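Worksheet for the structure shown next.
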Amino acid sequence: MSGNCAYESPEMSELLGGTLRPGGFALTDRGVAGCRWSAADLLLDLGCGTGATVSYLEQKYGLTVVGLDPSQKLLATARKNNPDKEFLLGSGEAIPCPDESFQGVLSECTLSLMTDLPAALEEVYRVMKPQGMFFITDVYARNPEALEGIKTHQFTSCMRGLYDLNQLRTDVTDAGFEIVLLEDHSELL
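In the working numbering, the protein residues as written are 373 to 561.
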């Protein structure tokens, strides 16, 4: 991530309630229900930020979740708020975990922050166990022609990294994933 990082802003955290993404925990709950993870499963929260989702998933569902984020600042907050949970410094393009470590990976409004989406998707595939579930919530561009204008701004947020939905689908399947369900939740923006 480069430029001014909206996600490290206390104002952004206050505005979005700590989840730092549209839809908050409502979409997280849909993902957990759809993926059918159990308490025996180990999950990775890709781009965990302040650790709000890691804590939420453990408290509400009894899931064991490891958080990964490239921001030392956000990880410091995550560790302070969740001293008994595991948080790793790293990026989605180079996940510091062995192959087949996780039964599931959550990426909530973080793929749009990756500088190399195909590399990030390959890494997620590498660290997931066979038959694992990859839950993605993110923003995408309904009008891909508008992407170039947005990408010229010097700030880091999911809006700067919007993807064309068709390209995102291609990248996801090219990395080896099968798309089981795709829903539009624009009403939560």
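By construction, the Cβ of each residue, glycine as well, lies at the ideal position given by its N, Cα and C atoms.
Being a predicted model, the structure only gives us computed values, none of them experimental.
Membership of S427 in any beta strand (DSSP E) is not indicated; the residue belongs instead to the alpha helix (DSSP H) covering A424 to Y433. Sequence-distant Cβ neighbours of P490 in its own chain, meaning closer than 8 Å and more than five residues away, are D543, D546 and A547.
In terms of Cβ geometry, L418 and V477 form a close pair [threshold 7 Å]. With respect to the C-alpha of Q444, the residue from T422, L414 and I508 having the closest C-alpha is T422.
A direct Cα-to-Cα measurement between A412 and Q475 gives close to 9 Å. Across the set T425, H557 and C420, the C-alpha of C420 shows the shortest separation from the C-alpha of S463. Every beta strand (DSSP E) stretch that sits fully inside the region 469-494 and reaches 3 residues is listed by chain position as 474-480. DSSP, read as helix, strand or coil, puts F397 in helix.
Per DSSP, L446 lies in no beta strand (DSSP E) segment; the continuous alpha helix (DSSP H) that holds it begins and ends at Q444 to N453. Under DSSP, G403 shares a beta bridge with no residue.
Nearest neighbour of L461 by Cα position, chosen from W409, V438 and N454, turns out to be V438. If you ignore the 5 residues before and after D471, its C-beta comes within less than 7 Å of the C-beta of R498 and V499, all in its own chain and listed in chain order.
Within its own chain, the residues whose Cβ lies closer than 7 Å to the Cβ of N454, once the five positions on either side in sequence are excluded, are G423, V426 and S427, listed in chain order.
According to the DSSP assignment, D543 belongs to the alpha helix (DSSP H) that extends over L537 to D546. In the DSSP assignment, S463 is bridged to A466. The Cβ atoms of F459 and F506 lie no closer than 7 Å to each other.
For G396 and S479, the gap between their C-alpha atoms comes out near 13 Å. When only Cα atoms are considered, L435 and A450 end up about 17 Å apart.
In this structure, L429 lies away from T509, with their beta-carbon atoms at least 7 Å apart. Note on S558: under 16 other CB atoms within 10 angstroms of its CB, so exposed under the neighbour-count rule.
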